[in-house]
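In the numbering used here, the protein residues as written are 18 to 341. All C-beta atoms, glycine included, are put in the ideal place defined by N, C-alpha and C. All values derive from a computational prediction rather than experimental measurement. Below: one structure, written as structure tokens.
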């Protein structure tokens with residue numbers, strides 16, 4: 018029996034056995050409530066920040082704010098699909114394999130696009146400090162739009178290629194998926210392409226990490242003589258610390274996901290452990306950066322905060338006029 022067939026059989030047993038089904042149901046319920054709360058809280062803040070950016074002509078022509086908007090949009094798409102998957106699993110609804118694969122592909126695309134965008138934000142900061150006089154010529158709004166479109170295409174290329182490969186080898190995945198998890202959907206492809214997914218995620222994460230470290234080191238070398246690093250609680254130090262924590266929160270779930278794919282190939286690891294690790298990663302680790310991003314990447318920008326305050330004052334003034 019192939020590893021793919023064995024994994025599918027194990028997954029079906031996990032869904033059918035009463036004790037394991039009860040355990041997995043408790044696991045779903047345990048993480049479903051915080052997942053829903055964090056998702057709804059973030060989905061209330063992100064659209065407001067996006068409205069602030071696109072309502073202001075000055076903000077939507079700035080590269081850094083377009084990058085922030087793209088990060089928030091990718092996070093919203095990820096949170097929506099992640100909550101949809103959690104609801105389907107909580108309701109124990111068996112969805113067709115194609116639907117599960119498409120959900121997985123778009124979820125991975127949104128996650129990877131967010132990673133690429135936060136990397137581009139660091140590169141954008143470096144370019145603004147390194148070439149301040151030529152910065153607007155290097156990154157005009159039209160070029161930024163093309164770069165962001167390229168980031169989405171790059172993020173979507175590999176996941177949807179996997180979906181096509183899955184459809185070409187459809188004979189072992191007929192019917193519905195008992196549980197729709199990113200781990201399960203990608204894990205079946207990895208059974209025949211062990212190195213492909215690991216290499217893809219490792220190389221992508223390595224390139225982003227090298228770019229980020231290089232830009233931060235160069236930024237420090239360029240600005241260390243300007244006195245902005247002297248104070249322990251200077252704005253530069255606090256900004257780098259906040260961005261560093263957020264970058265760690267964005268990248269950590271990717272490494273955990275790579276570990277999940279390795280565990281998927283191991284015959285010595287029970288299916289319960291795999292599902293536990295996958296659920297914790299999707300419902301906790303991947304939600305943390307998206308919960309903090311609106312505050313660390315959004316409201317910390319003075320221009321966005323000022324625009325939000327202006328919108329609130331305008332709304333209050335209109336309400337007073339209407340009442341009068």
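Inset, instruction - Using beta-carbon positions only, say whether residue 131 and residue 314 come within less than 8 Å of one another. - result: On the chain shown, position 114 is the one that residue 131 refers to. On the chain shown, position 297 is the one that residue 314 refers to. No.
Inset, instruction - May I ask which residues mark the beginning and end of the alpha helix (DSSP H) holding residue 87? - result: Looking up residue 87 in the chain shown gives position 70. Per DSSP, the unbroken alpha helix (DSSP H) holding residue 87 starts and ends at 80-107.
Inset, instruction - Return the residue from the list 307, 269, 49 and 321 that minimises the CA-CA distance to residue 127. - result: As a first step, residue 127 must be located in the chain shown, where it is residue number 110. For residue 127, the nearest C-alpha among the options comes from 307.
Inset, instruction - Would you grab the beta carbon distance between residue 142 and residue 228 for me? Rounded to a whole angstrom, and I think it's under 8 Å. - result: Position 125 of the chain shown, counting from 1, holds the residue named residue 142. Position 211 of the chain shown, counting from 1, holds the residue named residue 228. At roughly 12 Å, the Cβ-Cβ gap does not stay under 8 Å, so residue 142 and residue 228 are not in contact.
Inset, instruction - Would you check if the segment 290-303 and the segment 78-86 touch, i.e. whether three or more CB-CB distances between them fall below 8 Å? - result: No, because fewer than three Cβ pairs between the segment 78-86 and the segment 290-303 fall closer than 8 Å, the two stretches do not touch.
Legend entry - Buried versus exposed call for residue 68 [16 or more other C-beta atoms within 10 Å across all chains shown]: On the chain shown, position 51 is the one that residue 68 refers to. Burial call: exposed.
Inset, instruction - Go ahead and pull the three-state DSSP assignment for residue 51. - result: As a first step, residue 51 must be located in the chain shown, where it is residue number 34. Residue 51: helix per DSSP, three-state reduction.
Legend entry - Close Cβ partners of residue 52 (< 6 Å) along its chain, the five nearest in sequence each way excluded: What you label residue 52 is simply residue 35 of the chain shown in a count that begins at 1. Excluding sequence positions up to five before and after residue 52, its CB lies within less than 6 Å of the CB of 103 and 300, all in the same chain and listed in chain order.
Inset, instruction - Can you give me the Cβ contacts of residue 116 inside the same chain, cut-off strictly under 7 Å, excluding the 5 residues immediately before and after it? - result: Here residue 116 refers to the residue found at position 99 of the chain shown. Cβ within range, chain order: n/a, list empty.
Inset, instruction - Would you mind working out which of 125, 217 and 168 sits nearest residue 94, comparing C-alpha positions? - result: Within the chain shown, the letter at position 77 stands for residue 94. For the options 125, 217 and 168, the alpha carbon positioned closest to that of residue 94 is the one of 125.
Legend entry - Check whether residue 120 and residue 96 have beta carbons under 8 Å apart: Residue numbering aside, residue 120 sits at position 103 when the chain shown is read from its first letter. Residue numbering aside, residue 96 sits at position 79 when the chain shown is read from its first letter. Result no, Cβ atoms of residue 120 and residue 96 do not sit closer than 8 Å.
Legend entry - Member of 285, 167, 172 and 304 whose CA lies at the smallest distance from the CA of residue 48: Along the chain shown, one-based indexing puts residue 48 at 31. With distances taken between Cα atoms, residue 48 lies closest to 304.
Inset, instruction - Confirm, please, whether the CB-CB distance from residue 140 to residue 232 is below 8 Å. - result: Residue 232 sits at position 215 when you count from the first residue of the chain shown. Residue 140 sits at position 123 when you count from the first residue of the chain shown. Yes, these two residues count as a Cβ contact at 8 Å.
Inset, instruction - Drop a sphere of 10 angstroms on the beta-carbon of residue 71, count the other beta-carbons inside from all chains shown, and report buried for 16 or more, exposed for fewer. - result: Locating residue 71 in the chain shown gives position 54, where the first residue counts as 1. Residue 71 should be labelled exposed.
Inset, instruction - List the whole-angstrom C-beta distance separating residue 263 from residue 309, where the pair is believed to meet the contact cut-off of C-beta under 8 Å. - result: Here residue 263 refers to the residue found at position 246 of the chain shown. Here residue 309 refers to the residue found at position 292 of the chain shown. Indeed, because the Cβ distance is near 6 Å, the residues count as touching under 8 Å.
Inset, instruction - For residue 237, count neighbouring Cβ atoms within 10 angstroms of its own Cβ and tell me buried if that reaches 16, exposed if not. - result: The residue labelled residue 237 in the question sits at position 220 within the chain shown. With fewer than 16 other beta carbons inside 10 angstroms of its own, residue 237 counts as exposed.
Inset, instruction - Just the C-alpha distance for residue 225 and residue 218, rounded to the nearest angstrom, thanks. - result: Numbered from its first residue, the chain shown carries residue 225 at position 208. Numbered from its first residue, the chain shown carries residue 218 at position 201. Near 11 Å, if we compare the C-alpha coordinates of residue 218 and residue 225.
Inset, instruction - Just the C-alpha distance for residue 12 and residue 133, rounded to the nearest angstrom, thanks. - result: Residue 12 lies beyond the residue range present for the chain, which begins at 18 and ends at 341; the question has no answer from this structure.
Legend entry - Boundaries of the alpha helix (DSSP H) in which residue 314 is found, first to last residue: Sequence index remark: in the chain shown, residue 314 carries index 297 (1-based). Careful: residue 314 lies outside any alpha helix (DSSP H) and carries neither H nor E.
Legend entry - Helix, strand or coil at residue 63 [DSSP, three-state]: What you label residue 63 is simply residue 46 of the chain shown in a count that begins at 1. Residue 63: helix per DSSP, three-state reduction.
Inset, instruction - Label residue 90 either buried or exposed according to how many other C-beta atoms from any shown protein chain fall within 10 Å of its C-beta, with 16 as the threshold for buried. - result: Here residue 90 is taken as the residue at index 73 of the chain shown, counted from 1. Residue 90 sits buried, since 16 or more C-beta atoms from the chains shown fall within 10 Å of its C-beta.
Legend entry - Own chain, CB closer than 6 Å to residue 122, minus 5 neighbours either side, in chain order: On the chain shown, position 105 is the one that residue 122 refers to. Correct list, in chain order: 176, 177 and 180.
Legend entry - Alpha carbon of residue 82 to alpha carbon of residue 163, nearest angstrom: On the chain shown, position 65 is the one that residue 82 refers to. On the chain shown, position 146 is the one that residue 163 refers to. Roughly 15 Å between the two C-alpha positions.
Legend entry - Pair within 8 Å by beta-carbon distance, residue 63 and residue 311: Numbered from its first residue, the chain shown carries residue 63 at position 46. Numbered from its first residue, the chain shown carries residue 311 at position 294. Taking 8 Å as the Cβ cut-off, residue 63 and residue 311 qualify as a contacting pair.
Legend entry - Where residue 320 falls: helix, strand or coil (DSSP): Here residue 320 corresponds to residue number 303 of the chain shown, with the count starting at 1. Under the three-state reduction of DSSP, residue 320 is assigned to helix.
Inset, instruction - Could you name the residues of the same chain whose beta carbon sits closer than 7 Å to that of residue 323, not counting the 5 residues immediately before and after it, in chain order? - result: In the chain shown, residue 323 corresponds to position 306, counting from 1. Within the same chain, residue 323 has no close Cβ partners at all.
Inset, instruction - Give every residue of the same chain whose Cβ lies closer than 7 Å to the Cβ of residue 302, excluding the five residues on either side of it in the sequence, and list them in chain order. - result: As a position in the chain shown, residue 302 is number 285, starting the count at 1. If we look at residue 302 and ignore the five residues flanking it on each side, its Cβ neighbours are 269, 270 and 273.
Inset, instruction - Within the same chain, show all residues whose beta-carbon is closer than 6 Å to that of residue 38, passing over the 5 residues directly before and after it, in chain order. - result: Position 21 of the chain shown holds residue 38. Caution applies to residue 38, whose pLDDT of 47 falls short of 50 and renders its modelled position unreliable; the value that the coordinates give is listed next. Counting only Cβ-Cβ distances below 6 Å, and skipping sequence neighbours, we find nothing.
Inset, instruction - Determine the direct distance from the alpha carbon of residue 275 to that of residue 216, and round the result to whole angstroms. - result: If you number the chain shown from 1, residue 216 lands on position 199. If you number the chain shown from 1, residue 275 lands on position 258. In this model, residue 216 and residue 275 are separated by some 10 Å (Cα to Cα).
Legend entry - Beta-carbon gap between residue 197 and residue 112 smaller than 8 Å: For the purposes of this step, residue 197 is identified with residue 180 of the chain shown, where counting begins at 1. For the purposes of this step, residue 112 is identified with residue 95 of the chain shown, where counting begins at 1. Yes, they are a contact pair.
Inset, instruction - Return the chain-ordered list of same chain residues with a C-beta closer than 7 Å to the C-beta of residue 152, the five sequence neighbours on each side being excluded. - result: As a first step, residue 152 is located in the chain shown; it is residue number 135 there, counting from the start. Closer than 7 Å at the Cβ level, and outside the excluded window around residue 152, lie 144 and 145.
Inset, instruction - Pull up the distance between the alpha-carbon of residue 257 and that of residue 114, whole angstroms please. - result: For this step, residue 257 is matched to residue 240 along the chain shown. For this step, residue 114 is matched to residue 97 along the chain shown. Those two C-alpha atoms are separated by around 43 Å.
Legend entry - Nearest candidate by alpha-carbon position, reference residue 147, set 61, 240 and 108: As a position in the chain shown, residue 147 is number 130, starting the count at 1. Of the candidates 61, 240 and 108, 240 places its Cα closest to the Cα of residue 147.
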